[in-house]
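For reference, each letter of the sequence shown is one residue, going 1 to 240 in our numbering.
Glycine included, C-beta positions come from ideal geometry on N, C-alpha and C.
For reference, the structure discussed in these notes is given below.
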Amino acid sequence: MAPDRDLAAGDRQRAMNLASAAPAARVRRVLVINPNTNPLVTARVREVCQRYDGPQLHFEVINPESGPFSIVSDEDKQQAEVNALALIRQHLPQHHDAYVLACFDDLALQAARHMVLVPVIGCCEAGIAAARAVSPALAIVTTVAAALPGIRAMMRRYGAGDLASVRAAGVGVDEAARSAPDAHARLMRAVEASVQEDGARVVLLASGGLTGQAERIGREAGVPVIDAVEAALRRAGGMS
Numbered sequence: 001m002a003p004d005r006d007l008a009a010g011d012r013q014r015a016m017n018l019a020s021a022a023p024a025a026r027v028r029r030v031l032v033i034n035p036n037t038n039p040l041v042t043a044r045v046r047e048v049c050q051r052y053d054g055p056q057l058h059f060e061v062i063n064p065e066s067g068p069f070s071i072v073s074d075e076d077k078q079q080a081e082v083n084a085l086a087l088i089r090q091h092l093p094q095h096h097d098a099y100v101l102a103c104f105d106d107l108a109l110q111a112a113r114h115m116v117l118v119p120v121i122g123c124c125e126a127g128i129a130a131a132r133a134v135s136p137a138l139a140i141v142t143t144v145a146a147a148l149p150g151i152r153a154m155m156r157r158y159g160a161g162d163l164a165s166v167r168a169a170g171v172g173v174d175e176a177a178r179s180a181p182d183a184h185a186r187l188m189r190a191v192e193a194s195v196q197e198d199g200a201r202v203v204l205l206a207s208g209g210l211t212g213q214a215e216r217i218g219r220e221a222g223v224p225v226i227d228a229v230e231a232a233l234r235r236a237g238g239m240s
């Protein structure tokens, strides 16, 4: 019996040696760029990223050092686009496996895709795809009314112009990120109107300031709610 025990012990040792010699699983590294300079929005995005961070997936979340605090006007968008592209260019030597632009405007998306050979994911594009997988009867809820024309234009670009209603909650991006009671109440009114008046069966949250709030809003509204930023993170991480 001793030789058998010795043989089994030898097999176990060889297996351990092979395991230790095997190369470690490669970590997928994703750079997430919040194009505005609001640290609270960046923190909200980072909190969602941390839900998915693991041995084989890591998100790095950054924002520009200067630029618009919130992206509302055309001038804001132009500056934010320049800043986002500069950050991608700055981080090229780190060889990330994917990039996420954590802004519903999908600003700099096409330009970024021409800069790198890896996926660049926009929140609007990813969010619409995730919402349409739930139901074609979708509604988009954003923060401020100034964002509505740009969102409607993107809906047409992505082939969802006839499917989606678009509403603004009348809440600033910073206010949305803080999720104060009054801001949350206004947001819920917009979501509920989308369902009751527009016939939506799924709601897409269209602002970085709303990152991480989909589960709570969906629970209270009784309808599936998609976080556009989280949808982009999942796609970049290979989860959808």
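By Cβ distance, which residues of its chain are closer than 7 Å to residue i, with the 5 residues on each side in sequence left out?
i      : result
Glu220 : Met188
Ala22  : Note that Ala22 has pLDDT 47, beneath the 50 cutoff, so the model's placement of it is unreliable and no number is given.
So, helix, strand or coil for residue i, using DSSP?
i      : result
Thr42  : helix
Ile128 : helix
How long is the line joining the alpha carbons of residue i and residue j, rounded to whole angstroms?
i      : j      : result
Leu162 : Val141 : In the sequence as displayed, the identity of residue 162 is Asp instead of Leu. Cα-Cα distance, rounded: 16 Å.
Val203 : Val225 : 5 Å
Gln213 : Val191 : 12 Å
Arg46  : Gly199 : 33 Å
Leu87  : Thr143 : 26 Å
Val223 : Arg132 : 14 Å
For residue i, I'd like the list of residues in its chain whose CB is within less than 6 Å of its CB, leaving aside the five on either flank, ordered along the chain.
i      : result
Val120 : Tyr99, Ala112, Arg113
Pro136 : Leu163
Ala231 : Ala126, Gly127, Ala130
Ser240 : Arg234
Val41  : Asn34, Ala177, Gly208, Gly209
Got a sec, what are the start and stop residues for the beta strand (DSSP E) residue i sits in?
i      : result
Ala241 : Residue 241 lies beyond the residue range present for the chain, which begins at 1 and ends at 240; the question has no answer from this structure.
Ile226 : 225 to 227
Val32  : 28 to 33
Within a Cβ cutoff of 8 Å, which residues of the same chain sit near residue i, ignoring the five residues on either side of it in sequence?
i      : result
Glu60  : Arg29, Val30, Leu31, Val32, His96
Leu101 : Ile33, Pro35, Ala84, Leu107, Ala108, Leu109, Ala112, Val120, Ile121, Gly122, Cys123, Ala232
Starting from residue i, trace the alpha helix (DSSP H) in both directions and tell me its first and last residue.
i      : result
Asp174 : 173 to 178
Val144 : Where Val144 is concerned, there is no enclosing alpha helix (DSSP H), given that its DSSP letter is neither H nor E.
Gly218 : 214 to 221
* Asked: Are the region 67 to 82 and the region 144 to 157 touching, with three or more C-beta to C-beta distances below 8 Å?
  -> yes
* Flag this pair as touching only if the region 172 to 188 and the region 91 to 105 have three or more C-beta atom pairs under 8 Å; answer yes or no. => no
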